[in-house]
Amino acid sequence: MCVSSCRESSCPIKSGDSRLILNNLPSHTSSLLRRLRTFVLTAQLVLQFAGTGLSIAGEGPKTEPRPTTKPEPSAPPVQPEESFPADRYLKGKVTAIEQDVEEVHDILEEDILDRVIRLDNFFGKIKTDSKRPTGYQLYWSNFIREEQEGTLRFSSSLRANLVLSRISDRLRLSLWGENKAAPFAPSLPEDPGNPGFDRFFQTTKIVNTELRYGLVQTPSTDIFLGAGIRLVIPPVAFVRSRIQYTYQISGVSLLRFGETLFVNNNSGAGETTEVSLERSIGQKTHIRWANTGTMSHEFREREWGTDLSLIHEFSFRNAMTVAGGIFGSSGPDGVISNYRVLARYRQNFLKSWLFYELEPVVSWPRGGDGTFPARFAITFLVEVAFQGAATGNAEGSGTP
Numbered sequence: 104m105c106v107s108s109c110r111e112s113s114c115p116i117k118s119g120d121s122r123l124i125l126n127n128l129p130s131h132t133s134s135l136l137r138r139l140r141t142f143v144l145t146a147q148l149v150l151q152f153a154g155t156g157l158s159i160a161g162e163g164p165k166t167e168p169r170p171t172t173k174p175e176p177s178a179p180p181v182q183p184e185e186s187f188p189a190d191r192y193l194k195g196k197v198t199a200i201e202q203d204v205e206e207v208h209d210i211l212e213e214d215i216l217d218r219v220i221r222l223d224n225f226f227g228k229i230k231t232d233s234k235r236p237t238g239y240q241l242y243w244s245n246f247i248r249e250e251q252e253g254t255l256r257f258s259s260s261l262r263a264n265l266v267l268s269r270i271s272d273r274l275r276l277s278l279w280g281e282n283k284a285a286p287f288a289p290s291l292p293e294d295p296g297n298p299g300f301d302r303f304f305q306t307t308k309i310v311n312t313e314l315r316y317g318l319v320q321t322p323s324t325d326i327f328l329g330a331g332i333r334l335v336i337p338p339v340a341f342v343r344s345r346i347q348y349t350y351q352i353s354g355v356s357l358l359r360f361g362e363t364l365f366v367n368n369n370s371g372a373g374e375t376t377e378v379s380l381e382r383s384i385g386q387k388t389h390i391r392w393a394n395t396g397t398m399s400h401e402f403r404e405r406e407w408g409t410d411l412s413l414i415h416e417f418s419f420r421n422a423m424t425v426a427g428g429i430f431g432s433s434g435p436d437g438v439i440s441n442y443r444v445l446a447r448y449r450q451n452f453l454k455s456w457l458f459y460e461l462e463p464v465v466s467w468p469r470g471g472d473g474t475f476p477a478r479f480a481i482t483f484l485v486e487v488a489f490q491g492a493a494t495g496n497a498e499g500s501g502t503p
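Take the sequence shown: its position 246, counting from 1, is numbered 349 in the working numbering, and each next residue is one higher.
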């Protein structure tokens, strides 16, 4: 009754009166209304939580609003300080040293060539109709030798050949200077008739100069006359003549014959005979059998030596020689005085004008009791080459 009157009058019921109305209704009606109210409240809660979940699921990642002003550039991140590579530093130092050495070598080559040209111009004739080469080759060697007793020996040598074309196309000036340690083993004469280089055991200290005049120069024959002086006290003057003939046996073998006649004011007259046979056993491998005999008034017997060597060229920069030799003297009491075996490796390194050699050698010298005890030594050598050439009428140095 009250409910119908309220709907007709549309007057609202106060919330505080709802419980009172429910309490006055019949029991079954009141229970039904309570269940309905509970369902509505439960539905509201479910819809509220479902709407919240949909809202959360539908939200994307929040984007920050773009600033209206340009942000200030941030400082770059601080990188850890790198340590300077040691290999780069060492490589730079080595390169700088190589450049300095190359410059010094070039300066020395030009300076030597200047002096050779001045010498040629001073003594030579002026030739304007032809350009003849004036040049030189110079080799400076230093080596250290360790013998089996642990003894270290140091030596140095300097050799030069000058071509003085303005004086004569056939004239050569040769200079030698050596300060060698006592020889360890004998070897074939390097330059027969030249004092100090014409013996199996070379003199320890040599300073020689010689002028050579070529009489005949062909591919098979070489004949020259020479005169020089050895700078010692008292000086040793010498003259000599030498002929060398080469006979081609076949395409891979040849025979060389050499004869040297010499006279000096120290040991009188003498002669040296050389015979060698050479054969190629490959494009880069050669075998040589060399024989030498020398006789002079200095010793009444003939000194002789024979040497068999195998030479192999690995490339244009390095090669190796293996050799064995026997040395002795002829005459009534002629005996073998020494056996020798060696291996020599030669290498061009760093620069085209720089070389080194490594040479182990075993020698069996004859003792006083007739035995041949073995001795061992190893030698390390470094050689620097200088060379230059310019036209004979040049007034200054030219690039070699």
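C-beta atoms are modelled at their ideal positions from N, C-alpha and C, and glycine is treated no differently.
Contact between the region 314-329 and the region 272-287 is present: 3 or more CB-CB pairs across the two stretches fall below 8 Å. The distance from the Cβ of residue 330 to that of residue 368 is about 12 Å, inconsistent with a contact at the 8 Å cut-off.
Residue pairing by DSSP places residue 391 opposite 381 and 412 in a beta bridge. In the same chain as residue 383, and ignoring 5 residues on each side of it, the C-beta atoms closer than 6 Å to its own belong to 355 and 389, in chain order.
Separation of the CB atoms of residue 257 and residue 284 is rounded to 7 Å, and the pair is thereby assigned contact status at 8 Å. Around the beta carbon of residue 410, 16 or more other beta carbons sit within 10 angstroms, so the residue counts as buried.
With 16 or more other CB atoms across the displayed protein chains lying within 10 angstroms of its CB, residue 407 is buried. Look at the beta carbons and you see the region 370-386 touching the region 395-405: at least three pairs across the two are nearer than 8 Å.
Rounded to whole angstroms, residue 387 and residue 440 show a C-alpha spacing of 33 Å.
When secondary structure is reduced to three states using DSSP, residue 196 falls in the helix class. Within the same chain, Cβ atoms closer than 6 Å to the Cβ of residue 281 are found at 260 and 309, the five residues on either side in sequence being excluded. In this structure, 265 is the residue among 265, 474 and 419 with its C-alpha nearest to the C-alpha of residue 220. Under DSSP, residue 191 takes part in no beta bridge, so it has no partner. Per DSSP, the unbroken beta strand (DSSP E) holding residue 325 starts and ends at 324-333. Beyond the five residues adjoining it in sequence on each side, residue 467 comes within less than 8 Å, by CB distance, of 441, 442, 443, 475, 476, 477 and 478 in the same chain, given in chain order. Taken atom to atom, the span from the alpha-carbon of residue 238 to that of residue 194 is near 36 Å. For residue 208 and residue 322, the gap between their C-alpha atoms comes out near 33 Å.
Excluding sequence positions up to five before and after residue 357, its CB lies within less than 7 Å of the CB of 349, 350, 351 and 381, all in the same chain and listed in chain order.
Within the model, the alpha-carbon separation for residue 242 versus residue 486 is close to 7 Å. Straight across, the Cα-Cα distance linking residue 423 with residue 225 is about 43 Å. Rounded to the nearest angstrom, the Cβ distance from residue 212 to residue 489 is 5 Å, consistent with a contact under 8 Å. Residue pairing by DSSP places residue 345 opposite 327 and 363 in a beta bridge.
In this structure, residue 262 lies away from residue 223, with their beta-carbon atoms at least 7 Å apart. Around the beta carbon of residue 445, 16 or more other beta carbons sit within 10 angstroms, so the residue counts as buried.
Going by beta carbons, residue 287 and residue 293 fall outside the 7 Å limit. The beta carbon of residue 480 lies closer than 6 Å to those of 248, 250, 287 and 464 in the same chain, with the five residues before and after it left out.
For residue 293, the secondary structure class from DSSP, reduced to helix, strand or coil, is coil. Between residue 298 and residue 333, the C-beta gap is smaller than 7 Å, which places the two residues in contact. Excluding residues up to 5 positions away in sequence, 387, 388 and 422 lie with their Cβ nearer than 8 Å to the Cβ of residue 416 in the same chain. Comparing alpha carbon positions, the residue from 447, 359 and 296 closest to residue 483 is 447. With 16 or more other Cβ atoms inside 10 Å of its own Cβ, residue 377 counts as buried. Under the DSSP assignment, residue 258 falls in the beta strand (DSSP E) whose first and last residues are 255-266. Look at residue 224 here: in three-state DSSP terms it is helix. As a beta-bridge residue in DSSP terms, residue 441 pairs with 430 and 468.
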